[in-house]
Amino acid sequence: MRAVFIRFIDCEGPGILEPLLREAGYRISYQNAYDKRIHLMPEIHLNFDLIVMLGGPQSVADPEEQEFFKPYYDIVNNVVALPNKKLIGICLGSQIIAKALGANVRPGTKGPETGFSDLHLLKPEHTIFNGIQKESILAFHLHEDIFDIPVGAEHLLASDFYANQMFSYKNKVFAFQTHLEPTLEMLRVWQSVHKDFIAKGNGDFSEIESKQKVMAETANTIFRNIIKL
1 MRAVFIRFID
11 CEGPGILEPL
21 LREAGYRISY
31 QNAYDKRIHL
41 MPEIHLNFDL
51 IVMLGGPQSV
61 ADPEEQEFFK
71 PYYDIVNNVV
81 ALPNKKLIGI
91 CLGSQIIAKA
101 LGANVRPGTK
111 GPETGFSDLH
121 LLKPEHTIFN
131 GIQKESILAF
141 HLHEDIFDIP
151 VGAEHLLASD
161 FYANQMFSYK
171 NKVFAFQTHL
181 EPTLEMLRVW
191 QSVHKDFIAK
201 GNGDFSEIES
211 KQKVMAETAN
221 TIFRNIIKL
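When the sequence shown is numbered by full-length UniProt numbering, its final residue is 229 and no position is left out of the sequence of numbers.
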């Protein structure tokens, strides 16, 4: 089995997802969308069993970015159309998925959502939550754009700040507005790289080390469940 991570900025990598995929027997590749010298791999949806689109500073809501995003919208539609393919989108990746599936993506009216907060499990009986015996999980946020839930998708996670935090589509496409994947090292880097954006919000950045460990415990369960589908 093969998986590819599409990165839209170099500091937003796969985090805990990569070792989980290697544990499951996947061979890993990377596509750096932020590098203008590199073109998207042709027929990428045919070459990989799982495609993961990660976070980045670009905005799906920006009309001037639509030419850049078009090949990634195509990936979503191609994965949906083919059997035995899966797609995970995180933050920007989730917004690409939502847009490709016909949902509106726009700046949130309350400004940036940053830092740690609890997410409510809206359908705790869903397969991806197998093994999680609680009504909420800890997650990390670093976004301002938000999406509507596409028609036909299952709304699975919600925060009190912005409700639409995660959905699945046909049990093969999984879109996470929130971040569950970052390691402690990634969070430290983001605090530096994204400090100006973080300053616009009022998020919780306390006890990062202990909160990342708690977040990773449930994130590992959710991602393993998705990988096994």
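Glycine is no exception: its CB is placed at the ideal position from the N, C-alpha and C atoms.
Cα-Cα separation, residue i to residue j
| i | j | result |
| --- | --- | --- |
| alanine 24 | methionine 215 | 21 angstroms |
| asparagine 225 | lysine 110 | 33 angstroms |
| glutamine 191 | isoleucine 198 | 7 angstroms |
| valine 76 | leucine 92 | 13 angstroms |
| glutamate 144 | valine 60 | 11 angstroms |
| aspartate 49 | proline 83 | 10 angstroms |
| leucine 87 | valine 79 | 7 angstroms |
| residue 234 | leucine 229 | A query on residue 234 cannot be resolved here, the shown segment of the chain reaching from 1 to 229 and no further. |
| tyrosine 72 | serine 206 | 35 angstroms |
| residue 240 | lysine 170 | Because the chain spans 1 through 229 in this model, residue 240 falls outside it and cannot be assessed. |
| valine 173 | valine 151 | 13 angstroms |
| glutamine 212 | aspartate 196 | 22 angstroms |
| alanine 81 | tyrosine 34 | 27 angstroms |
| glutamate 67 | lysine 134 | 42 angstroms |
| phenylalanine 223 | glycine 203 | 25 angstroms |
Cβ-based neighbour list, residue i, same chain, cut-off 8 angstroms, excluding 5 preceding and 5 following
| i | result |
| --- | --- |
| asparagine 164 | Ile146, Phe147, Asp148, Ile149, His155, Ala158 and Gln177 |
| lysine 36 | none |
| leucine 13 | A small correction: the amino acid at residue 13 is glycine; leucine does not occupy that position in the sequence shown. Within the same chain, glycine 13 has close Cβ partners Phe5, Arg7, Leu54 and Met186. |
| isoleucine 44 | Val4, Gln31, Ile51 and Ile75 |
For residue j and residue i, believed in contact at Cβ under 8 angstroms, the rounded distance
| i | j | result |
| --- | --- | --- |
| alanine 219 | glutamate 185 | Going by Cβ atoms, the distance from alanine 219 to glutamate 185 rounds to 15 angstroms, so no, they are not a contact pair. |
| isoleucine 51 | isoleucine 6 | 7 angstroms |
| residue 232 | serine 117 | Any property of residue 232 remains undetermined from this structure, which presents the chain solely from 1 to 229. |
| proline 112 | glycine 201 | 4 angstroms |
| isoleucine 227 | leucine 101 | Contact doesn't hold; Cβ gap of about 22 angstroms is too wide. |
| glutamate 18 | isoleucine 9 | About 17 angstroms separates the two Cβ atoms, so there is no contact after all. |
| alanine 175 | glycine 115 | Between glycine 115 and alanine 175 the Cβ distance is about 21 angstroms, and since that is not below 8 angstroms, they are no contact. |
7 angstroms Cβ shell around residue i - same chain, five flanking residues per side excluded
| i | result |
| --- | --- |
| methionine 64 | Note on identity: in this sequence residue 64 is glutamate, with methionine being the wrong assignment. Closer than 7 angstroms at Cβ, skipping near neighbours: no residue. |
| threonine 221 | Gly131 and Ile132 |
| phenylalanine 161 | Lys110, Glu113 and Ser117 |
| valine 193 | Cys11 |
Contacts around residue i, its chain only, beta-carbon distance under 6 angstroms, and the 5 residues preceding and following it disregarded
| i | result |
| --- | --- |
| histidine 120 | Ser136 and Ala158 |
| valine 189 | Cys11 |
| asparagine 104 | Asp148 |
message = I'd like to know if the segment 92 to 109 and the segment 123 to 136 are in contact, where contact means that at least 3 CB-CB pairs between them fall below 8 angstroms.
response = Output reads no: the segment 123 to 136 does not touch the segment 92 to 109.
query = Considering only residues of the UniProt domain "Glutamine amidotransferase" (41 to 184), which uninterrupted alpha helix (DSSP H) runs meet the minimum length of 4 residues and lie entirely inside it, listed in chain order?
reply = 44 to 47, 66 to 81 and 92 to 100
query = Which ranges would you report for the alpha helix (DSSP H) in the segment 182 to 225 if only whole runs of at least 4 residues count?
reply = Taking only runs of at least 4 residues, the alpha helix (DSSP H) segments lying wholly in the segment 182 to 225 are 184 to 193 and 195 to 198.
request  = Tell me the start and end of each unbroken beta strand (DSSP E) in the segment 9 to 34 that is at least 3 residues and wholly inside, in chain order.
outcome  = 27 to 32
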